[in-house]
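A.B. asks: Starting off with a structure, shown below.
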Amino acid sequence: VIAYILNCLLYGMVILQVYMYYLCFPNDRPRQKLLVGSFFIVCTFETALQMRDMVKEFAQSFGDLDVFTTVSLSALLQPVTTGIVSCGIQLFYAYQVYVASGSKFLRGVISFLSAIQMLSSIVQSIRSFHFRDYDSIREKTFVEFIVWLIGSAVCDVIIAVVMTFYLLRANSGFKHTHAPLRKLSVLIIETGSASALLASAGCIVFLTTSDYYLHHVFMKCLMNLYFDTLLVILNNRMRIVGGREEARLNSRSIHISHVPVEPSRNPRHKGNLPVSTFISLAEAPPV
């Protein structure tokens, strides 16, 4: 029950963040909007399956304990959907690491680990369709499951550690004109640490509680958490015009994306006001 509730809460945050992104950044690059839209469809599909299974397990089949050991459709598809979403987001982080460090090697390592964990999740989902109970899946797909979780956790840890290192090393040299880069680095550290913690906790619980299914509490929430972390970074570009933070931003590094609003009825406010800005690092090489 806890797993389903937490996942629904995270999905509610996804809906809010996607709506904010849709309103505030209509001029984003098409591939970035395609990424957000595709992941939203995947998360919606998986969450709908989980809600369907929740009704089946706790309402329609109330009192039947066998339903908890029978693999549901959402559980079969959960590894592949989570693996695909996490891979796309980790590749996004890999590029940000490349921008901050200039190291193609680090970008390659993160991309390689991300691809490995995604492939492991796909293999696990395919093999899981041959079994109908969790015990058989655990026994037959143990290696794939461990590679998937450990690969995802290690990838997130590397992202957080690398960004922390470069942030601390350059922090004393950061000028006020580099505020966008510093803020982006802090966000990547925080969001990467959150996803790494959840993936690591799921792996540890899976290895230490072999007779129970407690790891589902972490695994059912992982996909929406990954997507939430990406949306937090994208939506963090919103700025309040005339706010305190605006003075610290480098005018050369900012492209203002105007979203017109209704004119204020207050006579002191005239005209339309932009409600968002898009931070782009001019010195960053193209993807």
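Counting from 1, position 124 in the sequence shown corresponds to residue 268 in the numbering used here; the numbering is continuous, with no gaps.
For each residue, glycine too, the CB sits at the ideal point set by N, CA and C.
None of the values given here were measured: they were computed from a predicted structure.
May I ask which residues mark the beginning and end of the alpha helix (DSSP H) holding E201?
C.D. replies: E201 -> no alpha helix (DSSP H), and no H or E assigned at all.
A.B. asks: Contact check, Y370 vs I233 under 8 Å by CB: the rounded distance?
C.D. replies: 5 Å
A.B. asks: Find out if the Cβ-Cβ distance for the pair D372, Q161 is shorter than 9 Å.
C.D. replies: Against a cut-off of 9 Å, the Cβ pair of Q161 and D372 comes out as a contact.
A.B. asks: Run the CB neighbour count on A219, radius 10 Å, all protein chains shown included, and call it buried at 16 or more, exposed below.
C.D. replies: So A219 ends up on the buried side.
A.B. asks: At 4 residues or longer, and completely inside the region 240 to 310: list those alpha helix (DSSP H) runs for me, N to C.
C.D. replies: If we require 4 residues or more, the alpha helix (DSSP H) runs fully inside the region 240 to 310 come out as 248 to 272 and 278 to 284.
A.B. asks: For F350 versus F289, is the C-beta spacing smaller than 9 Å?
C.D. replies: yes
A.B. asks: Would you report the Cα separation of K177 and L312, rounded to the nearest angstrom?
C.D. replies: 32 Å
A.B. asks: To which residues of the same chain is R276 closer than 7 Å at the C-beta, ignoring the five residues directly before and after it?
C.D. replies: So the list reads T214 and V215, once near-sequence residues are dropped.
A.B. asks: Pull up the distance between the alpha-carbon of R251 and that of A238, whole angstroms please.
C.D. replies: 5 Å
A.B. asks: Excluding the five sequence neighbours on either side, which residues of its own chain have a C-beta within less than 8 Å of the C-beta of C231, listed in chain order?
C.D. replies: S258, A259, Q261 and M262
A.B. asks: Which one or two residues does DSSP pair with T214 in a beta bridge?
C.D. replies: D277, per the DSSP bridge assignment.
A.B. asks: In terms of residue numbering, what span does the alpha helix (DSSP H) encompassing V145 cover?
C.D. replies: Element bounds for V145: n/a, residue is neither H nor E.
A.B. asks: Return the Cβ separation of L342 and Y165 in integer angstroms, given the expectation that the two are a contact with Cβ distance under 8 Å.
C.D. replies: With a contact defined as Cβ atoms closer than 8 Å, L342 and Y165 miss out at about 22 Å.
A.B. asks: To the nearest angstrom, report how far apart Q194 and N151 are at their CA atoms.
C.D. replies: Distance between Q194 and N151, taken at the CA atoms: about 9 Å.
A.B. asks: To the nearest angstrom, how far is the alpha carbon of Y242 from that of V199?
C.D. replies: 45 Å
A.B. asks: How long is the line joining the alpha carbons of F285 and G181, rounded to whole angstroms?
C.D. replies: Reading off the sequence, residue 285 comes out as Thr, not Phe. Between T285 and G181, the C-alpha separation is close to 31 Å.
A.B. asks: Thinking S245 and Y310 are a contact (beta carbons under 8 Å), I'd like their distance in whole angstroms, please.
C.D. replies: 5 Å
A.B. asks: According to DSSP, simplified to helix, strand and coil, what is T225?
C.D. replies: Helix at T225.
A.B. asks: To the nearest angstrom, report how far apart R173 and I266 are at their CA atoms.
C.D. replies: The alpha-carbon of R173 is positioned some 29 Å away from that of I266.
A.B. asks: Going by Cα to Cα distance, which pick from I149, G227 and L179 is closest to A192?
C.D. replies: I149
A.B. asks: Please name the residue in I294, G227 and L217 whose C-alpha comes closest to that of F273.
C.D. replies: L217
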